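Undergrad: Okay, so the sequence shown: first residue is 949 according to our numbering, each after it adds one.
Even glycine gets a Cβ: it sits at the ideal position worked out from N, Cα and C.
Keep in mind it's a predicted model, so treat the numbers as computed, not measured.
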Amino acid sequence: MPKTILITGPESSGKSTLAQYLSKAFNFDCINEYAREYLESAGHIYTQDDILSIAKGHFLLINQLPETSFFILDTYLLNLKIWSNYKYGYCHPWINEQLQKFKPAITFLLKPNIPWVEDPLRESPFERQIIFKIYEKELTELKWPYYIIDAQLIERNSQAEHILKEFLDLKLK
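1) According to DSSP, simplified to helix, strand and coil, what is residue 1088?
2) Taking the alpha-carbon positions, what's the residue 1001 to residue 956 distance?
3) Can you list, in chain order, the residues of its chain with a C-beta nearer than 6 angstroms to that of residue 977? Leave out the 5 residues immediately preceding and following it.
4) If you draw a straight line from the alpha carbon of residue 996 to that of residue 1108, how long is it in whole angstroms?
5) Nearest to residue 952 by CA position, among 1099, 993, 1072 and 1050, is which residue?
6) State the start and end residues of the unbroken beta strand (DSSP E) segment that holds residue 1054.
7) Could you compute how far the alpha carbon of residue 1110 sits from the alpha carbon of residue 1025?
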């Protein structure tokens, strides 16, 4: 498993923007949100079965990466678990099993305190704070090291960059 820097959080919280920024700032490869790629190619409509297909596709992408480098992950299986439970009241056991085996080097949980941006793949503009609390609970239960990114828009980049720089300085010593 590669050394991963996970960007996670509710819809429209700036995940992809931050992932791209950190990728450029630190010259790390970025694995884009696989669910978006899947749904854009499949036509935006999905079922509970698609969530497992998305999870397996994302899992395969990540497990093909070399273990020697850091990578930025623009979401991962945690997003799918939370969304599946929230939308359908159920998450496939395979997703839960893989999450138990996975541990990112560091996780950035993005607070949804920025304006909602309309997008055909987004569904829940009014539940973002509720979903954010679910992320906090899940990350705590998984015992993954995480930082909440709660600055406004452009300052988010600086906030996360500062934390990641300190983290990497400690890791490289």
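TA: Answer, in terms of the structure:
1) Translated into positions along the sequence shown, residue 1088 becomes position 140. Looking at residue 1088 - three-state DSSP - the assignment turns out to be helix.
2) By one-based count along the sequence shown, residue 1001 stands at place 53. By one-based count along the sequence shown, residue 956 stands at place 8. Rounded to whole angstroms, residue 1001 to residue 956 spans 19 angstroms at the Cα level.
3) Your numbering for residue 977 matches position 29 in the sequence shown. Hits under 6 angstroms: 1019.
4) The residue labelled residue 996 in the question sits at position 48 within the sequence shown. The residue labelled residue 1108 in the question sits at position 160 within the sequence shown. Rounded to the nearest angstrom, the two C-alpha atoms are 33 angstroms apart.
5) If you number the sequence shown from 1, residue 952 lands on position 4. It is 1050.
6) For this step, residue 1054 is matched to residue 106 along the sequence shown. Residues 1054-1058.
7) Taking the sequence shown and counting its residues from 1, the one referred to as residue 1110 is at position 162. Taking the sequence shown and counting its residues from 1, the one referred to as residue 1025 is at position 77. Looking at the two C-alpha atoms, the distance is approximately 26 angstroms.
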